[in-house]
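Notes for the one structure printed next.
In the numbering used here, the protein residues as written are 2 to 494.
Put into structure tokens, the structure is as follows:
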């Protein structure tokens, strides 16, 4: 009796420098898993940087980020580019051997820059190579456009134009070999498309011991936030006089020094409307209950804020020359769309008025939606011949997705943002925690959040994300709430 052929395999390649590449890869993995066609293919996440022997480089890059050492990061990128040709023969040999482990490999989706030339040279000829840009543009220090074999997937008009200038053809041209597909925005995890009602936002703020009637500022600088900048922002925002008073949610990521410093400060001011958290998977919910995001011009967080209809204040430092080259396009995008403002200091950031926030919010609400994660998912499924031609824009804004694009996404438990209601500061010793800091603990869940996520959707896509069943939330022993999202198994060996 003959065995049926193995299901086609899709490899999603990411790097760990900065966190945005991995977040985008996981977002597409989640969308593929939620697809009605999920049983007709398999997919795996692969740390391409680790496979290339660059894990220590990613660690060093993240360390520089935590100190906001932009000049050093640019020097680091220049050094990598200088030595890259020397390492390329070894990289090609390593990846050529790696592909041979997967006889059913049909599609590779890269979310990393610089290595795409190696992928293109070593992949078997029958394997399709997508390169999904996680930056707003192609730059010299973050090169994405490297080989005609790449099928580029861009999320901005600037990146699409750069691809055309490099000789790529829009994907709707049948004879094009070096193709580019332009989506309606950057890839954002499906969890960010859920919406809460005003009443639910009020209840969640109360659960965090914030003033429900005050606007809320979310301070988010990624996984390695700069200590002094975040601390100064918290103090300045909480010292604003009425009627400009605000709540503050400060995300400390993996910066323990910042977390401890803010907690010491809050103990001296127990009535301050401040919620402090370390590494967390509650970012989608925190964005939903906030009115303003303050952070750095990272392409990932700015895109998440846009999908969450959240205005942004981006801090560049004393000069915009201190902003990394791949983030310069983010500043231009925010300015051109009037979805946020760019400032040079925490002092300037804390002066944004409530009327400014309202104007930016109205601007975002009037802009076309970003459906990129569903569009990338459809591109992959189309390549596997599981669906008809996906509905993509070329250099025009896509109006909407086909009906199946959002189908059943929230029927899966991991698309429900976990409610931070009933928070406490008890430590955990869970082995999966990135650092041993207090994490969310729940004696009960907020039913308002569960109800809201299953019914409301102001966003054109979110309105179709109706769950097929009530979510069941995973608990660990002793009722410690599981912070980690369910994961597609990584294949790092």
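Virtual Cβ for every residue (Gly too), placed ideally from N, Cα, C.
Top-ranked residue by Cα proximity to residue i, from the options
i	options	result
residue 136	9, 309, 325, 30	325
residue 27	148, 44, 38	44
residue 184	380, 330, 266	380
residue 289	309, 108, 370	309
residue 330	340, 300, 367, 263	300
residue 118	107, 209, 354, 131	131
residue 133	123, 124, 152	152
residue 354	116, 180, 218	218
residue 17	189, 113, 244, 165	113
residue 495	76, 7, 52	Any property of residue 495 remains undetermined from this structure, which presents the chain solely from 2 to 494.
residue 200	213, 292, 271, 80	213
residue 116	349, 86, 98	86
residue 98	254, 111, 76, 125	125
residue 81	101, 93, 142	142
residue 287	128, 197, 388	197
residue 357	386, 284, 306, 293	293
residue 100	333, 122, 203	122
residue 281	230, 388, 221, 295	221
residue 52	96, 84, 65	96
residue 105	39, 127, 365, 230	127
residue 241	373, 350, 39	350
residue 25	387, 374, 34, 382	374
residue 291	252, 321, 269	252
residue 237	279, 295, 210	295
residue 352	367, 211, 269, 235	235
Residue i in three-state terms, based on DSSP
i	result
residue 167	coil
residue 13	strand
residue 388	coil
residue 103	coil
residue 311	coil
residue 207	helix
residue 197	coil
residue 345	coil
residue 248	strand
residue 317	coil
residue 154	strand
residue 189	coil
residue 278	strand
residue 296	strand
Extent of the continuous alpha helix (DSSP H) run through residue i
i	result
residue 262	257-268
residue 1	Within the shown structure, residues of the chain are numbered from 2 to 494, placing residue 1 beyond reach of any answer.
residue 358	355-367
residue 286	284-289
residue 235	228-239
residue 335	326-338
Cβ shell of residue i (< 6 Å), same chain only, five flanking positions each side left out
i	result
residue 149	179
residue 233	347
residue 489	The predicted position of residue 489 is uncertain, since its pLDDT is 39 and thus under 50; no value can be drawn from it.
residue 275	249, 267
residue 342	314
residue 103	10
residue 91	none
residue 147	117, 118
residue 328	298
residue 365	310, 340
residue 362	312
residue 172	180, 182
Start-to-end residues for the beta strand (DSSP E) that takes in residue i
i	result
residue 131	129-133
residue 180	180-183
residue 218	217-221
residue 24	It is not in any beta strand (DSSP E) - residue 24 instead sits in the alpha helix (DSSP H) that spans 21-35.
residue 45	43-48
residue 113	It is not in any beta strand (DSSP E) - residue 113 carries neither H nor E in the DSSP assignment.
residue 224	First-last for residue 224: undefined, no H or E at that position.
Assumed close pair residue i, residue j - CB separation to whole angstroms, cut-off 8 Å
i	j	result
residue 277	residue 264	6 Å
residue 206	residue 246	With a Cβ gap of about 14 Å, residue 206 and residue 246 do not count as contacting.
residue 224	residue 254	4 Å
residue 239	residue 273	6 Å
residue 193	residue 285	5 Å
residue 228	residue 258	5 Å
residue 307	residue 372	Not quite, the Cβ-Cβ distance comes to about 12 Å (not below 8 Å), so this is no contact.
Own chain residues within Cβ distance below 7 Å of residue i, not counting five before or after
i	result
residue 303	313, 331, 335
residue 319	345
residue 21	135, 299, 300, 301
residue 161	155, 181, 183, 396
residue 36	378, 382
Sequence-distant residues of its chain with Cβ nearer than 8 Å to residue i (five each side left out)
i	result
residue 384	107, 108, 129, 131
residue 166	none
residue 388	38, 379, 382, 405
residue 262	228, 232
Below-7 Å beta-carbon distance, residue i vs any chain B residue
i	result
residue 309	The structure shown contains no chain B; it holds only a single protein chain.
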